[in-house]
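Asker: Quick one: the structure is below, and I'll ask about it shortly.
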Amino acid sequence: MSKYTAPPYMNDVLPFPSKKEAWLHTARWRYVESAFRAVCRRYGYREIRTPILEQTELFTRSIGEATDIVSKEMFTFTDRGGRSMTLKPEGTAPAVRACLEHNLFNEHPVLKLYYQGQNFRYERGQKGRYRQHQQLGVEVFGSTDAAIDAEVIQLAMEFYRTIGITEQELHINSVGTPESRKAYLEALRDFTRPNLEQFSQEGQMRFEVNPLRMLDTKDSGDLKLLEGAPNLVDFLDDDSREHFELLQAYLTSAGVPYVIDHRLVRGFDYYTRTAFEIVGKNLGAQSALGGGGRYDGLVAECGGTSTPGIGFGLGMERCMLVLDTLGIELPADDERPLAFVVTLGDEKTVRPVAVKLLSELRAAGIAVDMDYRYKKFGQQARTADELGARYLLVLGEGEIAEGVVGLRDQATKEQRNVPLAEVTQELLALA
RNA sequence: GCGAUUGUAGCUCAGUAGGUUAGAGUGCCAGGUUGUGGCCCUGGAGGUCGUGGGUUCGAGCCCCAUCAUUCGCCCCA
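For what it's worth, our numbering labels the leading residue of the first sequence as 662, then goes sequentially.
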């Protein structure tokens, strides 16, 4: 092992596939990222990029002091100017900050954004959870229309479909306003309190810390005790209830099946109304693909004039892992050369011609490579195979004398001579 | 933050109850075979056994610490 290793629970994504960790291959990442961009573009979203760190206060204020993220998971440090800075643990608050700073909310009353960026959370790693993870997401500001909630949901589901995850289930819920949520919490506490001692240790802990999470248990005993518990939707204010009903109507008319999941809650303080999660089928414990929700109070919390918002986010690493688990084939490595030059015979005669051929082909926009270790035909050909070249360009003293190059199809092993002057056109036609 | 797990060659791993010079497969390099490969044969290089202490006549193996890995919990993406 080398002296230095990647920082704990962070991954290197490599230029070649590995048998053990197939998902840590840049070609696969690029494919998924470009699929995401393509979907966002189709839906009319524009890209925003923000710095990798922000003032710490932006996150403590927006996410909530009591959340795990703020209380124990932030990568925080003091910079040389004495400011407390934090590597961003999530993408929404920085996007809001940037929009406020550049007045985008005023100039673009309805603002549809997408982003792709690294998030950092200082926690113990495990499968699908890393200290640095890439998040793909969208945010829409300026509209409370439930139709935009439906659009964000459809965008997310369409993205998963385009990369081959077709078996998905949409879970929706409404968490209402902070006030209605508070009323519900009291009702839930009142309901569970009489039998509290019968709950699992974990359930009892959640009762204290975050009662909503009691609903999210897998413990069969707890589930039984929760039968007949009050539902959050019954505590919604009229506006939130209507909003939730409208969302369902839009989803239905768009032909998007959904299930209402009363146990679905989101972690951060700033969420309001719509909460949704997309769940993959047949994935077991790692089934949540991504989720999002509405945050009508966040912009005001960050110091702007009250502006509603809704967003969706997904973790790239988990997405890649899911693709692996489902055995979904992605298109071939886009970094493969089209052709690979192989030389035979006297190096001093042949190599200069090969170098010239390479530069001509590259200038014409063809991806082509050669072996720089001056070895036998077989070894050069093997390098070509390892790099995934589709064609071999065989160049020896004989070919040079005739002014041709051998064009060998690696799939069929058929080889024919092509005049040097015509190789570029031939390859362009084959590309 | 809590609980486990693993660390020996580039890669996958073996290494018996502590006992000479630490092994295999694969990959790599060279030759057999200066111009058409992947096979085969022969040879070769490659290790501070994660690191630092300790126990012992003697440690890859036992003990402590430390770093790193992987996995679970909490929570999340």
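Even glycine gets a Cβ: it sits at the ideal position worked out from N, Cα and C.
(1) Quick check: what's the CA-CA separation for Ile-724 versus Tyr-932?
(2) For Phe-1001, which residues does DSSP report across the bridge?
(3) So, is Glu-768 buried or exposed, given that buried needs 16 or more other C-beta atoms within 10 angstroms?
(4) Mark Asp-957 as exposed unless 16 or more other C-beta atoms lie within 10 angstroms of its C-beta, in which case mark it buried.
(5) Spatial neighbours of Leu-675 within its chain, please: C-beta separation below 8 Å, excluding the five flanking residues on both sides.
(6) Could you tell me the distance, in whole angstroms, from the CA atom of Val-920 to the CA atom of Leu-897?
(7) Using a threshold of 8 Å, state whether the C-beta atoms of Ala-811 and Leu-714 are closer than that.
(8) According to DSSP, is Lys-1017 part of a helix, a strand, or is it coil?
(9) Of the choices Leu-959, Gly-798, Phe-677 and Leu-761, whose alpha-carbon is the least far from that of Arg-702?
(10) Quick one: measure Cβ to Cβ for Gly-786 and Pro-669, integer angstroms, because I've assumed they're closer than 8 Å.
(11) Between the C-alpha atoms of Arg-741 and Thr-747, what's the straight-line distance to the nearest angstrom?
(12) For a test of the three-state rule: what should DSSP assign to Asp-900, helix, strand or coil?
(13) Out of curiosity, what's the CA-to-CA distance linking Arg-790 and Arg-867?
(14) Could you tell me if Arg-934 is buried or exposed, where buried requires 16 or more neighbouring beta carbons within 10 angstroms of its beta carbon?
(15) Pick from Leu-1088, Glu-1008, Gly-976 and Val-1011: whose alpha carbon is nearest that of Arg-782?
(16) State yes or no: is the C-beta of Glu-762 nearer than 7 Å to some heavy atom of the ligand PLP?
(17) Using a Cβ-Cβ cut-off of 6 Å (strictly less than) and excluding sequence neighbours within five positions of Asp-673, which residues of its own chain qualify?
(18) So, using beta-carbon positions, are Asn-856 and Leu-886 closer together than 8 Å?
(19) Which residues mark the beginning and the end of the beta strand (DSSP E) in which Asn-780 is found?
(20) At which residues does the beta strand (DSSP E) containing His-829 begin and terminate?
(21) Name the one or two DSSP bridge partners that Gly-954 has.
Answerer: Judging by the given coordinates:
(1) 9 Å
(2) Asp-1030 and Leu-1053
(3) exposed
(4) buried
(5) Leu-685, His-686 and Thr-687
(6) 18 Å
(7) no
(8) helix
(9) Gly-798
(10) 7 Å
(11) 14 Å
(12) helix
(13) 22 Å
(14) buried
(15) Gly-976
(16) Annotation note on the ligand PLP: not contained in the displayed structure, which lists no ligands.
(17) Ala-667
(18) yes
(19) 772-781
(20) A small correction: the amino acid at residue 829 is Gln; His does not occupy that position in the sequence shown. Here the beta strand (DSSP E) through Gln-829 covers 829-835.
(21) Ala-936 and Gly-972
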